[in-house]
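K.L.:
In my numbering, the protein residues as written are 528 to 894.
Note that the Cβ used here is the ideal one computed from N, Cα and C, for glycine as well.
The following block contains the structure, expressed as structure tokens.
Right under this line is the structure:
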């Protein structure tokens with residue numbers, strides 16, 4: 528049986544695996560679990576990759592239906608084994624990353640999920656939603672689970688988020704869209720003390736050739752502006768919602784939950800309530816104070832990360848809070864087990880990261 532918060536949900540048998548829904552209310556993720564009771568005993572990583580290839584139609588249909596799969600009990604231990612499993616679902620993995628989180632390469636097509644400090648929460652988002660061609664599939668693998676509370680990679684049904692948004696807030700986002708603002712330092716670096724500081728633009732674009740950077744910006748609809756001291760500003764405007772390419776269901780699909788200045792403090796408050804740890808409440812208050820100072824002394828166009836409505840008007844704190852209420856109502860968070868692999872329909876389901884302490888290694892791949 529698959530369990531969450533002490534609640535059991537029925538499982539079914541399918542070709543030497545067991546399946547069940549982790550969260551019965553939200554109906555995701557679908558758990559596909561190794562059945563050690565079968566005649567072949569525990570399944571290894573190679574067996575998993577073969578099973579995924581042999582059941583490609585089933586895997587795809589369940590992914591579109593549920594939005595995410597959790598593959599559990601298959602002894603996936605190395606980045607290459609993880610890459611093989613991901614490739615069994617999507618043969619054409621990618622390694623171009625225009626996102627904001629620092630990552631280290633682990634194999635040709637797998638990376639550390641994030642090198643941000645462990646005390647820093649990563650709000651839920653669909654991967655690279657601000658680019659013209661975001662990934663369709665996203666994969667995570669737990670190589671080393673952390674001990675103690677936190678460290679989950681929460682999954683959020685962004686179809687439900689759009690549905691559950693306050694109607695007035697939803698109407699504003701639908702009418703105006705979202706304008707993303709990002710400012711990057713160059714190869715010479717910048718301040719080490721800015722929590723909102725992004726990786727350098729030469730790290731993101733993997734070149735110091737400004738002409739090549741500008742070419743990639745045009746491809747993705749970014750408006751580049753070179754600033755003093757080697758800095759680069761990227762601005763782009765996008766709809767707040769998209770329709771799922773297969774189901775047609777409307778999906779909240781933008782980075783307001785990450786880019787908005789209020790995002791970190793709002794996330795910390797909810798994390799503190801969930802984990803019952805006062806230090807995250809204190810960090811949230813510190814982040815709120817830092818945001819107040821940044822708003823006072825740094826124009827919106829110069830913030831490391833920020834967003835407005837598409838017409839340039841501010842997105843109010845109350846609208847951001849309404850968004851976070853909808854996100855947390857549609858969230859599933861579960862402790863990682865070593866070897867777990869999640870497969871995410873990036874057109875429907877978002878991911879994030881709960882803060883944690885101690886060793887932890889989560890790998891990511893995408894297609």
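For residue 832, write down the residues that DSSP places opposite it in a beta bridge.
P.N.:
Here residue 832 refers to the residue found at position 305 when the chain shown is read from its first residue. Answer is 709, bridged to residue 832.
K.L.:
Kindly indicate which residue of 610, 821 and 646 has the alpha-carbon position closest to the one of residue 576.
P.N.:
If you number the chain shown from 1, residue 576 lands on position 49. For the residues 610, 821 and 646, the minimum Cα distance to residue 576 belongs to 610.
K.L.:
Let me check one thing: in DSSP terms, what residues is residue 888 bridge-paired to?
P.N.:
Position 361 of the chain shown, counted from the start, is the residue given in the question as residue 888. Residue 888 pairs with 671.
K.L.:
Give the C-beta separation of residue 864 and residue 668 to the nearest angstrom, bearing in mind that I take them to be a contact with Cβ-Cβ under 8 Å.
P.N.:
In the chain shown, counting from the first residue as 1, residue 864 sits at position 337. In the chain shown, counting from the first residue as 1, residue 668 sits at position 141. 11 Å between Cβ atoms; not a contact.
K.L.:
Look at the alpha carbon of residue 884 and the alpha carbon of residue 869, and state the distance between them as a whole number of angstroms.
P.N.:
Your numbering for residue 884 matches position 357 in the chain shown. Your numbering for residue 869 matches position 342 in the chain shown. About 22 Å.
K.L.:
For residue 570, which residues of its own chain have a beta-carbon under 6 Å away from its beta-carbon, when the five flanking residues on both sides are left out?
P.N.:
Your numbering for residue 570 matches position 43 in the chain shown. The residues are 561 and 601.
K.L.:
For residue 782, name the three-state secondary structure that DSSP assigns.
P.N.:
Counting from one through the chain shown, the residue named residue 782 turns up at place 255. The answer is coil: DSSP assigns residue 782 none of H, G, I, E or B.
K.L.:
Residue 860 and residue 801 - do their beta-carbons sit closer together than 9 Å?
P.N.:
Looking up residue 801 in the chain shown gives position 274. Looking up residue 860 in the chain shown gives position 333. Contact: yes.
K.L.:
Quick one: Cα of residue 841 to Cα of residue 783, how far?
P.N.:
The residue you call residue 841 lines up with position 314 of the chain shown. The residue you call residue 783 lines up with position 256 of the chain shown. Spanning the two alpha carbons is a distance of roughly 12 Å.
K.L.:
What residues in its chain sit with their C-beta under 8 Å from that of residue 714, if we drop five residues either side in the sequence?
P.N.:
The residue labelled residue 714 in the question sits at position 187 within the chain shown. So the qualifying residues of the chain are 727, 729, 735 and 757.
K.L.:
Whose C-beta lies closer than 6 Å to the C-beta of residue 676 among residues of the same chain, with five residues either side of it excluded?
P.N.:
The residue given as residue 676 occupies position 149 in the chain shown. The answer, listed in chain order, is 802.
K.L.:
Identify the continuous alpha helix (DSSP H) that holds residue 821 and give its terminal residues.
P.N.:
For this step, residue 821 is matched to residue 294 along the chain shown. Element bounds for residue 821: 805 to 824.
K.L.:
Is the distance from the Cβ of residue 788 to the Cβ of residue 818 below 9 Å?
P.N.:
Reading the chain shown from its first residue, position 261 is the one you call residue 788. Reading the chain shown from its first residue, position 291 is the one you call residue 818. Yes; because the gap between Cβ atoms is below 9 Å, this pair is in contact.
K.L.:
Closer than 8 Å is the cut-off here; do at least three beta carbon pairs connect the segment 674 to 693 with the segment 766 to 782?
P.N.:
The segment 674 to 693 is in contact with the segment 766 to 782.
K.L.:
Helix or strand or just coil, what does DSSP make of residue 603?
P.N.:
Taking the chain shown and counting its residues from 1, one reaches residue 603 at position 76. Coil, per DSSP.
K.L.:
If you reduce the DSSP assignment to three classes, tell me which class residue 638 lands in.
P.N.:
Counting from one through the chain shown, the residue named residue 638 turns up at place 111. In this structure, residue 638 counts as strand in the three-state DSSP scheme.
K.L.:
Would you say residue 614 and residue 636 are within 9 Å of each other, going by their C-beta atoms?
P.N.:
By one-based count along the chain shown, residue 614 stands at place 87. By one-based count along the chain shown, residue 636 stands at place 109. Yes, the pair counts as a contact, with Cβ atoms nearer than the cut-off.
K.L.:
Whose C-beta lies closer than 7 Å to the C-beta of residue 631 among residues of the same chain, with five residues either side of it excluded?
P.N.:
Within the chain shown, residue 631 is the residue found at index 104, counting from 1. 638, 639 and 642, listed in sequence order.
K.L.:
Have a look at the DSSP bridge pairing and note the partners of residue 893.
P.N.:
Here residue 893 corresponds to residue number 366 of the chain shown, with the count starting at 1. Note: residue 893 sits in a beta bridge opposite 621 and 665.
K.L.:
Should residue 839 be labelled buried (16 or more other beta-carbon atoms within 10 Å of its own) or exposed?
P.N.:
Working through the chain shown from its first residue, we reach residue 839 at position 312. Under this definition residue 839 is an exposed residue.
K.L.:
Using three-state DSSP, classify residue 483 as helix, strand or coil.
P.N.:
With the chain covering only 528 through 894, there is no way to say anything about residue 483.
K.L.:
Just curious, the alpha helix (DSSP H) that residue 745 is in, first and last residue?
P.N.:
For this step, residue 745 is matched to residue 218 along the chain shown. Residues 737 to 747.
K.L.:
Once DSSP output is grouped into helix, strand and coil, what is the label at residue 764?
P.N.:
Within the chain shown, numbered from 1, the residue matching residue 764 stands at position 237. The answer is strand: DSSP assigns residue 764 an E or B state.
K.L.:
Helix or strand or just coil, what does DSSP make of residue 615?
P.N.:
As a working note, residue 615 is residue 88 in the chain shown. Three-state result, residue 615: helix.
K.L.:
Which one of 872, 879, 833 and 832 has the shortest CA to CA distance from residue 855?
P.N.:
Along the chain shown, read from residue 1 onward, the residue named residue 855 stands at position 328. Comparing Cα-Cα distances from residue 855 to each of 872, 879, 833 and 832, the minimum goes to 879.
K.L.:
In or out: residue 566 buried (at least 16 other Cβ within 10 Å) or exposed?
P.N.:
Position 39 of the chain shown, counted from the first residue, corresponds to residue 566. Only weak support exists for where residue 566 lies, its pLDDT of 48 falling under 50; the value from the coordinates is given anyway. Flag for residue 566 reads exposed.
K.L.:
DSSP state of residue 863, grouped into three classes?
P.N.:
Position 336 of the chain shown, counted from the start, is the residue given in the question as residue 863. Here residue 863 sits in coil by DSSP.
K.L.:
Considering only DSSP beta bridges, list what residue 485 is partnered with.
P.N.:
Because the chain in this structure spans residues 528 to 894, residue 485 falls outside the shown range and cannot be described.
K.L.:
Any idea if residue 673 is buried or exposed, counting beta-carbon neighbours within 10 angstroms, 16 or more meaning buried?
P.N.:
Within the chain shown, the letter at position 146 stands for residue 673. Buried: at least 16 other Cβ atoms inside 10 Å.
K.L.:
Any idea if residue 886 is buried or exposed, counting beta-carbon neighbours within 10 angstroms, 16 or more meaning buried?
P.N.:
Reading the chain shown from its first residue, position 359 is the one you call residue 886. Answer is exposed; the Cβ neighbour count stays below 16.
K.L.:
Under three-state DSSP, which class holds residue 630?
P.N.:
Taking the first residue of the chain shown as position 1, residue 630 is located at position 103. Residue 630 falls in the coil class under three-state DSSP.
K.L.:
State buried or exposed for residue 623, treating a residue as buried only when at least 16 other CB atoms are found within 10 Å of its CB.
P.N.:
Here residue 623 refers to the residue found at position 96 of the chain shown. It is exposed - the Cβ of residue 623 has fewer than 16 other Cβ atoms within 10 Å.
K.L.:
Buried or exposed for residue 584, please, with buried defined as at least 16 other CB atoms from any protein chain shown within 10 angstroms of its CB.
P.N.:
On the chain shown, residue 584 is found 57 positions in, with the first residue counted as 1. Flag for residue 584 reads exposed.
K.L.:
Excluding five sequence neighbours on each side, which residues of the same chain lie with their C-beta closer than 7 Å to the C-beta of residue 634?
P.N.:
Locating residue 634 in the chain shown gives position 107, counting from the first residue. Around residue 634: 606, 607 and 610.
K.L.:
DSSP three-state call for residue 776: helix, strand or coil?
P.N.:
Within the chain shown, numbered from 1, the residue matching residue 776 stands at position 249. Residue 776 falls in the coil class under three-state DSSP.
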